[in-house]
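Colleague: Read top to bottom, the protein sequences are chains A and B. The working numbering puts the first residue of the first sequence at 1471, with every later residue one more than the last. The working numbering puts the first residue of the second sequence at 1471, with every later residue one more than the last.
2 protein chains.
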Amino acid sequence: MQLSSRFPVAVQILILIAWTPDEYKLTSDVIAQSVNTNPVLIRRVVGYLKKSELVLVSPGKRGIKLAKKPGEITLLDVYQAMELTEQDSLFGLHPDPNLKCPIGNQINKVLTPRFDRARKSMEESLAGVTIEELLSEFPPFYIPEGFIAKQ
Amino acid sequence: MQLSSRFPVAVQILILIAWTPDEYKLTSDVIAQSVNTNPVLIRRVVGYLKKSELVLVSPGKRGIKLAKKPGEITLLDVYQAMELTEQDSLFGLHPDPNLKCPIGNQINKVLTPRFDRARKSMEESLAGVTIEELLSEFPPFYIPEGFIAKQ
DNA sequence: TAATGTGTAACTGTAGCAGTTACACATTAT
DNA sequence: ATAATGTGTAACTGCTACAGTTACACATTA
C-alpha cells in the first residue's frame, strides 16, 4: 500500500510558488499544467495547505503565495498538512482484538509506542528538509512554454 | 490514509506463536480467534510470512512454527513481509509530471532521495525491535478459555 | 457587467483491503 | 481405505479512499 500522491503534489506546488518571482501570479490552472492534472485537484491540495497556513490564497483573487519563507517550510509541514485522515498513526492497529486472549488483550498497548517511535523517526527526517533546500536543485526561473501567465 | 492492518495482525501472529509452547499446535482457526477475524485472512497473512521465511507451515499439517528465534525477527522483517505491493516506496510519487515544466521535469529526481531517507529512518526504528522484546511484555503462557487446542 | 479565478459539492471510475464462501489438496487418525 | 482436519487459493461482496471530472456559487477585477 502506498500513501496518497497528494503529498508529492503539494511539495511540487510549493516549490513552484517559491520558484516563481513575485510579479507573476500562479493560478491553479497553471499549476495544474505543471503537475499534469486537474485544476480542481490543485485547489483541493492548496486548500489543505491553506488550512495549515502554508500558503496565502483567497477566492476571486488571482495568485497563490507562500505564507512563510521557503526556508521555514519543511517536508514534515507539508506531510502533516496532507494527512488529515490518518490521525497521527501511519501504521494501523487491529481495531478489535479478542480481549479474552492474553495476547490480543495487550497487543495494541505494546505495539503503539513502537509504531509511534518509527513514525517519529520518519517525521524527523522529513523535518530536516526545507522547500528552500529543494528549490536550490532547480534552475533559476524562466518562462518555458508560456504556461506561466504574467499579470 | 493508513497502511494496511495486515502488519499489526502479522506481529500479533508471531507473538502468539512465540508465546505458545512448542507442544501446542496453533492453527489458523485458533489464531483467528485471538485476532478476532477470519481463518482465511490469517492464512493469507501467514502466507506472506512464509514467503519471507519467517514461519514454517505446510499444507495439511497442523501447527505453525517460527522459522527463526524470536530474537532474530524484527518488526522490519514483518513490515517488509507485508508490504509486497509498495515496492520500497512508502510515499508515492506523482506518476507523470509535465516534463516541459522545469519543476515537473526534475521533481521526482529531487524528491526520491529525501523520501528514501525518511523511509529508511522509519525502517531502522522498526529494525530495532524484535519479537522477543515484545514477547517480554506479555504474561507467561496459560490456556485462557480453551481456544488453544492441545495436540 | 462581463471575465476570471477560487471554493465546493456531486458524481464516476478505480484500486486495495477485510471478510466470506467454496473447494482442491495434503496430512493424520481411525 | 476413508473420514476428519487443516492448509492454500480462487472468487466474490462490500467498503473506503482516491484521482479525475463537471457544474456552479461566490469573490474579485477590468
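Each residue gets a CB set at the ideal place from its N, CA and C atoms; glycine is no exception.
Where do the ends of the alpha helix (DSSP H) carrying N1575(A) lie?
Modeller: Position 105 of the first sequence, counted from the start, is the residue given in the question as residue 1575(A). N1575(A) -> alpha helix (DSSP H) spans P1572 to A1597.
Colleague: Closer than 8 Å by beta-carbon distance: list the chain B residues that pair up with N1506(A), in chain order.
Modeller: Numbered from 1 along the first sequence, position 36 holds the residue referred to as residue 1506(A). Going along chain B in sequence order, the residues near N1506(A) (Cβ under 8 Å) are H1564, D1566, P1567, N1568 and G1574.
Colleague: Look up V1682(B) in the DSSP assignment and give the residues it is bridged to.
Modeller: Only positions 1471 to 1621 of chain B appear in this structure, which leaves residue 1682(B) out of reach.
Colleague: As a quick exercise: from S1475(A), E1593(A), K1538(A) and P1491(A), pick the residue whose alpha carbon is nearest that of S1559(A).
Modeller: Counted from its first residue, the first sequence places residue 1559(A) at position 89. Answer by Cα proximity: E1593(A).
Colleague: Counting only beta-carbon separations shorter than 9 Å, does L1604(A) have a partner in chain B?
Modeller: Against the first sequence, residue 1604(A) aligns to sequence position 134. Yes, L1604(A) counts as interfacial toward chain B.
Colleague: Less than 8 Å between C-beta atoms, sequence neighbours within five positions excluded: which residues of the same chain meet that for A1480(A)?
Modeller: Taking the first residue of the first sequence as position 1, residue 1480(A) is located at position 10. Only V1515, Y1518, L1519, V1548, A1551 and M1552 meet the Cβ criterion.
Colleague: Tell whether a beta-carbon distance below 9 Å holds between G1574(B) and V1599(A).
Modeller: As a working note, residue 1574(B) is residue 104 in the second sequence. As a working note, residue 1599(A) is residue 129 in the first sequence. Not closer than 9 Å, so no.
Colleague: Is the separation between the beta-carbon of G1541(A) and that of E1607(A) shorter than 9 Å?
Modeller: On the first sequence, residue 1541(A) is found 71 positions in, with the first residue counted as 1. On the first sequence, residue 1607(A) is found 137 positions in, with the first residue counted as 1. For G1541(A) and E1607(A), no; Cβs fall outside 9 Å.
Colleague: Would I1485(B) and I1613(B) be called neighbours here (beta carbons separated by less than 9 Å)?
Modeller: Working through the second sequence from its first residue, we reach residue 1485(B) at position 15. Working through the second sequence from its first residue, we reach residue 1613(B) at position 143. Taking 9 Å as the Cβ cut-off, I1485(B) and I1613(B) do not qualify as a contacting pair.
Colleague: Find the residues of chain B that neighbour L1486(A), judging by a C-beta separation of less than 7 Å, and give them in chain order.
Modeller: Residue mapping note: residue 1486(A) aligns to position 16 of the first sequence, counting from 1. Under the 7 Å cutoff, chain B gives I1573.
Colleague: Buried or exposed: which applies to R1532(B), given that a residue is buried once 16 or more other Cβ atoms fall within 10 Å of its Cβ?
Modeller: In the second sequence, the residue the question calls residue 1532(B) occupies position 62. So R1532(B) counts as exposed.
Colleague: Pull up the distance between the alpha-carbon of N1568(A) and that of S1522(A), whole angstroms please.
Modeller: As a first step, residue 1568(A) must be located in the first sequence, where it is residue number 98. As a first step, residue 1522(A) must be located in the first sequence, where it is residue number 52. In a straight line, the C-alpha of N1568(A) is about 39 Å away from that of S1522(A).
Colleague: With DSSP as the reference, identify every bridge partner of T1544(B), one or two as the case may be.
Modeller: The residue given as residue 1544(B) occupies position 74 in the second sequence. In the DSSP output, where bridge partners are listed per residue, T1544(B) has T1600(B).
Colleague: Starting from A1499(B), follow the alpha helix (DSSP H) in both directions and report where the run begins and ends.
Modeller: Mapped onto the second sequence, residue 1499(B) falls at position 29. The amino acid at residue 1499(B) is misidentified as Ala; the sequence shows Asp. Looking at the DSSP string, the run of the alpha helix (DSSP H) that includes D1499(B) is S1498 to V1505.
Colleague: Between which two residues does the alpha helix (DSSP H) harbouring R1514(A) extend?
Modeller: As a position in the first sequence, residue 1514(A) is number 44, starting the count at 1. Looking at the DSSP string, the run of the alpha helix (DSSP H) that includes R1514(A) is P1509 to K1521.
Colleague: Please identify the residue among T1582(B), P1529(B) and V1525(B) whose C-alpha is closest to the C-alpha of K1539(B).
Modeller: Working through the second sequence from its first residue, we reach residue 1539(B) at position 69. Comparing Cα positions, the closest option is V1525(B).
Colleague: Taking the C-alpha atoms as reference points, what is the distance between W1489(A) and T1544(A)?
Modeller: The residue given as residue 1489(A) occupies position 19 in the first sequence. The residue given as residue 1544(A) occupies position 74 in the first sequence. Rounded to whole angstroms, W1489(A) to T1544(A) spans 16 Å at the Cα level.
Colleague: Throw me the rounded Cβ distance for the L1596(B) and L1546(B) pair, which I believe falls under 8 Å.
Modeller: For the purposes of this step, residue 1596(B) is identified with residue 126 of the second sequence, where counting begins at 1. For the purposes of this step, residue 1546(B) is identified with residue 76 of the second sequence, where counting begins at 1. Confirmed, about 4 Å.
Colleague: Can the beta-carbon of R1589(B) be found closer than 9 Å to that of F1561(B)?
Modeller: By 1-based counting over the second sequence, the position of residue 1589(B) is 119. By 1-based counting over the second sequence, the position of residue 1561(B) is 91. Yes, the Cβ-Cβ distance between R1589(B) and F1561(B) is below 9 Å.
Colleague: Classify Q1621(B) as helix, strand or coil using the three-state DSSP reduction.
Modeller: Taking the second sequence and counting its residues from 1, the one referred to as residue 1621(B) is at position 151. Its pLDDT being 39, under 50, Q1621(B) is placed unreliably in this model, and the coordinates cannot settle the point.
Colleague: Relative to the C-alpha of T1497(B), which residue among P1610(B), I1534(B) and N1508(B) is closest?
Modeller: Taking the first residue of the second sequence as position 1, residue 1497(B) is located at position 27. Comparing Cα-Cα distances from T1497(B) to each of P1610(B), I1534(B) and N1508(B), the minimum goes to I1534(B).
Colleague: Skipping 5 residues on each side, what residues in its chain have a beta carbon closer than 8 Å to that of R1513(A)?
Modeller: Numbered from its first residue, the first sequence carries residue 1513(A) at position 43. Same-chain partners within the cutoff: S1498.
Colleague: Residues of the segment 1512-1535 of chain A with a CB closer than 8 Å to any CB of chain B: list them in chain order, please.
Modeller: Going along the segment 1512-1535 of chain A in chain order, one finds no residue with a Cβ nearer than 8 Å to chain B.
Colleague: Any beta carbon from chain B within less than 9 Å of K1590(A)'s own beta carbon?
Modeller: As a working mapping, residue 1590(A) is identified with position 120 in the first sequence. Closer than 9 Å to some Cβ of chain B, the Cβ of K1590(A) qualifies, so yes.
Colleague: Kindly indicate which three-state DSSP category S1474(B) falls into: helix, strand or coil?
Modeller: On the second sequence, residue 1474(B) is found 4 positions in, with the first residue counted as 1. In this structure, S1474(B) counts as coil in the three-state DSSP scheme.
Colleague: Where V1500(B) and S1474(A) are concerned, what is the direct C-alpha to C-alpha distance, given to the nearest angstrom?
Modeller: The count along the second sequence starts at 1 and reaches residue 1500(B) at position 30. The count along the first sequence starts at 1 and reaches residue 1474(A) at position 4. For V1500(B) and S1474(A), the distance between alpha carbons rounds to 35 Å.
Colleague: Tell me the DSSP secondary structure of Y1494(A) in three-state form.
Modeller: The residue given as residue 1494(A) occupies position 24 in the first sequence. Of the three classes helix, strand and coil, the one that applies to Y1494(A) here is strand, per DSSP.
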